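Numbering-wise, full-length UniProt numbering puts 356 at position 356 of the sequence shown, and it's gapless, one number per residue.
C-beta atoms are modelled at their ideal positions from N, C-alpha and C, and glycine is treated no differently.
All values reported here derive from a predicted model rather than from experimental measurement.
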Amino acid sequence: MDGAGVTSGRWVLHLDMDAFFASVEQLTRPTLRGRPVLVGGLGGRGVVAGASYEARRYGARSAMPMHQARRLVGAPAVVLPPRGAVYGVASRRALDTVRSVIPVLEQLSFDEAFGEPAELAGASAADVEMFCQQLRAEVRNQTGLVASVGAGSGKQIAKIASGLAKPDGIRVVRRDEESVLLDGLPVRKLWGIGPVAEEKLHRIGIETVGALAALSEAEAANVLGGAVGLALHLLARGIDDRPVAERAEAKQISAESTFAEDLTTLGQLQDAIGPIGEHAHRRLEKDGRGARTVTVKLKKSDMSTLTRSATLAYATTEAATLIGTARRLLLDPVEVGPIRLVGVGFSGLSDSRQESLFPDLELPDEISDSHQQPAEAVPVTPTGWRIGDDVAHPDHGHGWVQGAGHGVMTVRFETRASGPGPARTFPEHAPGFSRANPVDSLDWAEYLDGLADYQSTP
């Protein structure tokens, strides 16, 4: 490869928070430290949004159906609904800490970002490693969370390196290591290679990044297209001079799918929109904001497009609420004609969000359709508490519902600062309990007081 001379003095870092969602749960609920934690949907169609490293040892991973992950982990599994507000504040403090050291960050999601520290230009690999150690230590000191960091001559190498550093590590790729590192990787590992491009390359026998790099520019352009093919060919050869820059926030997050055969019944549409909505929801969770408006896009077989939108009372990351709203927006193909493409979009994006207690009851009431299936049910007690809810009690303080059923509920009283707390069992109608702001479990009052846009109400 011939990219070393182009970026010989440059060092790009990629910081990636380890098992972020599950790690925040373990941070704020100290009893869970060292235990296999699964964060995601609790119902039959739930998907894993995050898995602790203890859970990953059993084979559980993000984007896996929750029922499959629970089977893999077995009885030790602790399954919790996402708490988007908590992850948002934890992400903000972690990246604020990084920005205090590296002023310009290109944030990719809640838990990862690129940086290019000016003081590292021309530095040795040893100096870069020391910088990364100090950066990780500062993040951990300020937040209690663990980040892995990769470093290389460009974004591509840095991102690959951070993956190699996990969990809880640093990987600095020297210029003379880049060729060996890239050459043996599956071609899909290259940033920008999706399933379609991968299939095109496999058809002509290109299985590795090194094999792609060995093509001529004309061959790469012929297989992958002009501009895209040339850009990917440069990355495969280790040439990556893309700048690190603050990203403009997306105004909408969406996903869509085109079907080989037109959908002709409402039941087919209902079956199709679930996975599409879940795909869009995973993107929303990675973005870190909640959504207030849900839009469904239906492209008919005659290529005309129908769209319907509904706006919620507040921005949320609650999958059941968002996908349930999308289901209620569907139109019957018997009435409007066969459908060839279905899309789900989330907009009205905001850092201020609220988790729903009864997502199936809080869908927009101006949308009604007796043929629709209800949103995925969330297990709740007769008094409205569900496992994972944050509660406050005048005598015991902040806690979370650890279990419920048979007329009682068990509450674990603890926060980040308390250490593992006691569990107490109460009748489910016990007085004194109120809904607590989940963010209070971080116990970062001084930090939150400094955020002008932080809302203290749950």
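Separation of residue 123 and residue 27 (C-alpha to C-alpha, rounded to the nearest whole angstrom) is 35 Å. Its Cα nearest to that of residue 192, the residue 240 stands out among 150, 260, 240 and 132. Judged by DSSP secondary structure, residue 159 falls within the alpha helix (DSSP H) whose first and last residues are 155 to 165.
Nearest to residue 313 by C-alpha distance, out of 96, 290, 301 and 267, is 290. When the Cα atoms are used, residue 417 and residue 247 turn out to be separated by approximately 34 Å. Of the candidates 212, 279 and 100, the residue whose Cα lies closest to the Cα of residue 319 is 279. Within the same chain, 47, 66 and 319 come within 6 Å of residue 41 by CB-CB distance, once the 5 residues on both sides are set aside. Residue 155 and residue 189 have their alpha carbons spaced roughly 13 Å apart. A check of alpha carbon separations from residue 160 across 112, 419, 337 and 260 identifies 112 as the nearest.
If you check the CB distance, residue 385 and residue 409 come in under 7 Å. Exposure of residue 271 is indicated by the presence of fewer than 16 other C-beta atoms within 10 angstroms of its C-beta. A direct Cα-Cα distance of roughly 41 Å separates residue 212 from residue 322.
Around the CB of residue 440, 16 or more other CB atoms lie within 10 Å, so the residue is classed as buried. Three or more beta-carbon pairs separated by less than 8 Å are not found between the region 47 to 57 and the region 136 to 151, which leaves the two stretches without contact. Residue 339 counts as buried, since at least 16 other C-beta atoms from the protein chains shown sit within 10 angstroms of its C-beta. The beta carbon of residue 330 sits closer than 6 Å to those of 269, all from its chain and outside the five residues before and after it, given in chain order.
Put simply, of 294, 281 and 337 the residue whose alpha carbon is nearest the alpha carbon of residue 266 is 337. Cα atoms of residue 224 and residue 208: separation of roughly 15 Å, rounded to the nearest angstrom. Per DSSP, residue 58 lies in no beta strand (DSSP E) segment and is marked neither H nor E.
Each of 114, 77, 232 and 448 was checked against the Cα of residue 148, and the nearest Cα belongs to 114.
Counting the other CB atoms within 10 Å of its CB gives residue 74 a total below 16, which places it among the exposed residues. Cβ contact annotation for residue 61 (same chain, cutoff 8 Å, sequence separation greater than five): 48, 51 and 69, in chain order. With contacts defined by Cβ atoms closer than 7 Å, residue 110 and residue 288 form a contacting pair. Proximity of the region 157 to 172 to the region 214 to 224 falls short of the contact definition, fewer than three beta-carbon pairs being nearer than 8 Å. The C-alpha of residue 139 is placed about 15 Å away from the C-alpha of residue 442.
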